[in-house]
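There are 2 protein chains.
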Amino acid sequence: MTEQIDIIQNIKRLFTREEFPAKTLLVKEGTLTKKLFYIDRGCCRAWFNNDGRDVTYQFLFEGNFASSFETIISNEVSWYSVETLEPTVMYSVGIEDFRNRMDQHPHIKAFYYHYVEKRLLFYQKLFVAHIKDSPEQRYRELLAQHPEIVLRVPQHYIASFLGITSVSLSRIRNRK
Amino acid sequence: MTEQIDIIQNIKRLFTREEFPAKTLLVKEGTLTKKLFYIDRGCCRAWFNNDGRDVTYQFLFEGNFASSFETIISNEVSWYSVETLEPTVMYSVGIEDFRNRMDQHPHIKAFYYHYVEKRLLFYQKLFVAHIKDSPEQRYRELLAQHPEIVLRVPQHYIASFLGITSVSLSRIRNRK
DNA sequence: GTCTGACGATAACAATTGTTAATTAATCAC
DNA sequence: GTGATTAATTAACAATTGTTATCGTCAGAC
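Same order as they appear, the protein sequences are chains A and B. Okay, so the first sequence: first residue is 285 according to this note's numbering, each after it adds one. Okay, so the second sequence: first residue is 285 according to this note's numbering, each after it adds one.
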């Protein structure tokens, strides 16, 4: 845990501090992402275009990383975009630079892979929630487990994240 | 790619070959898993109990690994069970033994983390498919992308995996 | 062989969600 | 502030899925 804090402090020391207003595009669908962002303050959403409609599949808050994993892992273009939802404070590093640091510092590599492991378990749970629960149950669960999302994110993005229409989410919210 | 093949050959050389009939329980929900299995021949399903109903959330075929990631990563008990669906040939290794080998052989560690990265992207896509597609679209997609699942696995497990009832899957299959 | 249980198809009905459109509320730009 | 745009609510109806139950088939146990 103290090791975790050390890593965060190293990030703040070694990465470049940047500030962005709301609705800034950090990662653009179909391109090679140049930077990895650590979110110090603010939040983002990741989404992609599905037959002309936005599908938001992820919210990222303080303490998380925003980038295209595909680019980091295998230099493929991103299939999604990332944009800020609020004025945001980031610490960024170039992807190539990040890869070099991982090779040079085993503890950075270990931290990165631990993060990947956690993300794997996170997405596994997210998927499982979709096959075992109804949309209403998923909303209640989101409210209970991640109230910050419901408080800080516009409803139609949450509806998209839950896999339902904004009309349906509005109905669920207004059930007795 | 040749490196991949080397790793598989090492697995077959270093792990213990085991054969299991269909319906053998390899991982039991709520327990600490003792082994990591490499599937050489046959297939498995991973599932858990949800208010008295089985929910199958994963099928594992030849070339995949079966175990509890939670146990490997952080020594927590498994929240799911794994059982064979067909007579199966496995290569197994004790979890503790596997951890030691990872520490001693960097290429095993690299292989493991590469596998974790791939699984992360896999589950991310699985989750995304659930928020962007209808159950019918997901079934058609499964049929197109993974026909082996539809051919080798009983329908009610597939329905569970798709997040619908077996009645609904039967209807979808019989739409013109 | 016969019995049993598991599996899949089908039917009838309830409940939920999607779609479209209209209305109100909130937010943003100037 | 004012006007324009975007977001959220509500309504009406269509489409889909869930639920429960019945039936036929098949495989395995004995």
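Where a beta carbon is used, it is the ideal one built from N, C-alpha and C, also for glycine.
Which chain B residues sit within Cβ distance under 9 Å of L427(A)?
Position 143 of the first sequence holds residue 427(A). Simply none; closest approach about 18 Å.
Quick check on F382(B) - is its C-beta less than 9 Å from some C-beta in chain A?
Here the question's residue 382(B) lines up with position 98 in the second sequence. Output row for F382(B): interface = no.
Apart from the five residues on each side of it in sequence, which residues of its chain come closer than 6 Å, Cβ to Cβ, to L316(B)?
As a first step, residue 316(B) must be located in the second sequence, where it is residue number 32. Once the five neighbours on either side are set aside, the close Cβ partners of L316(B) are T355, V361.
Ignoring anything shorter than 3 residues, give me the beta strand (DSSP E) runs that lie fully in the segment 368-420 of chain B, in order along the chain.
Those beta strand (DSSP E) runs which fall completely within the segment 368-420 of chain B and span 3+ residues are 372-378.
Would you mind working out which of T449(B), E432(B), E420(B) sits nearest R459(B), comparing C-alpha positions?
Locating residue 459(B) in the second sequence gives position 175, where the first residue counts as 1. It is E420(B).
In the DSSP assignment, find the unbroken beta strand (DSSP E) run with L310(B) in it and report its ends.
For the purposes of this step, residue 310(B) is taken as the residue at position 26 of the second sequence. Its beta strand (DSSP E) spans residues 309-311.
At a CB-CB cut-off below 9 Å, which residues of chain A make contact with I415(B)?
Stepping through the second sequence from its first residue, residue 415(B) is reached at position 131. Simply V339, T340, Y341, H414, S444, F445, L446, G447, I448.
Does the beta carbon of I357(A) come closer than 9 Å to any beta carbon on chain B?
For this step, residue 357(A) is matched to residue 73 along the first sequence. So yes, I357(A) belongs to the interface.
Report the residues of the segment 392-403 of chain B with a CB closer than 8 Å to any CB of chain A, ordered along the chain.
So the list reads Y397, V400, E401, R403, given in the order they occur along the chain.
Can you find a CB in chain A that lies within less than 9 Å of the CB of F405(B)?
The residue labelled residue 405(B) in the question sits at position 121 within the second sequence. It should be pointed out that residue 405(B) corresponds to Leu in this sequence rather than to Phe. With 9 Å as the cut-off, L405(B) counts as an interface residue toward chain A.
Per DSSP, what are the beta-bridge partners of L320(B) in this structure?
Counting from one through the second sequence, the residue named residue 320(B) turns up at place 36. V377(B), per the DSSP bridge assignment.
Got a sec: is the Cβ-Cβ distance from Q288(B) to anything in chain A below 9 Å?
Walking along the second sequence from the start, residue 288(B) turns up at place 4. Closer than 9 Å: no.
What is the residue span of the alpha helix (DSSP H) that Y441(A) lies within?
For the purposes of this step, residue 441(A) is taken as the residue at position 157 of the first sequence. 439-446 is the span of the alpha helix (DSSP H), which, as asked, contains Y441(A).
Below 8 Å on the Cβ atoms is my guess for L309(A) versus E367(A); work out the distance and round it to an integer in Å.
For the purposes of this step, residue 309(A) is taken as the residue at position 25 of the first sequence. For the purposes of this step, residue 367(A) is taken as the residue at position 83 of the first sequence. Yes, they are in contact, since the Cβ atoms of L309(A) and E367(A) sit about 5 Å apart, within 8 Å.
Which residue comes first and which comes last in the alpha helix (DSSP H) that contains V434(A)?
Counted from its first residue, the first sequence places residue 434(A) at position 150. Taken as a continuous stretch (DSSP letters only), the alpha helix (DSSP H) holding V434(A) covers 431-436.
Kindly confirm or deny that the segment 369-379 of chain A and the segment 291-305 of chain A touch, where touching means at least three C-beta pairs closer than 8 Å.
Flag = yes, the segment 369-379 of chain A and the segment 291-305 of chain A touch.
Beta carbon of H414(A), beta carbon of I415(B): below 9 Å?
Numbered from its first residue, the first sequence carries residue 414(A) at position 130. Numbered from its first residue, the second sequence carries residue 415(B) at position 131. A contact, by the Cβ cut-off of 9 Å.
From which residue to which residue does the beta strand (DSSP E) around F343(A) run?
Reading the first sequence from its first residue, position 59 is the one you call residue 343(A). Counting along the chain, the beta strand (DSSP E) containing F343(A) begins and ends at 337-344.
Decide if A306(A) is buried, meaning its Cβ has at least 16 other Cβ atoms within 10 Å, or exposed.
Here the question's residue 306(A) lines up with position 22 in the first sequence. Answer is exposed; the Cβ neighbour count stays below 16.
Alpha helix (DSSP H) containing R301(B): first to last residue?
The residue given as residue 301(B) occupies position 17 in the second sequence. Note, R301(B): premise wrong, no alpha helix (DSSP H); beta strand (DSSP E) at 300-304.
With a 10 Å radius around its C-beta and 16 neighbouring C-beta atoms as the bar for buried, classify K409(B) as buried or exposed.
Indexing the second sequence from 1 puts residue 409(B) at position 125. Flag for K409(B) reads exposed.
Identify whether S454(A) lies in helix, strand or coil by the three-state DSSP scheme.
Here residue 454(A) refers to the residue found at position 170 when the first sequence is read from its first residue. Helix.
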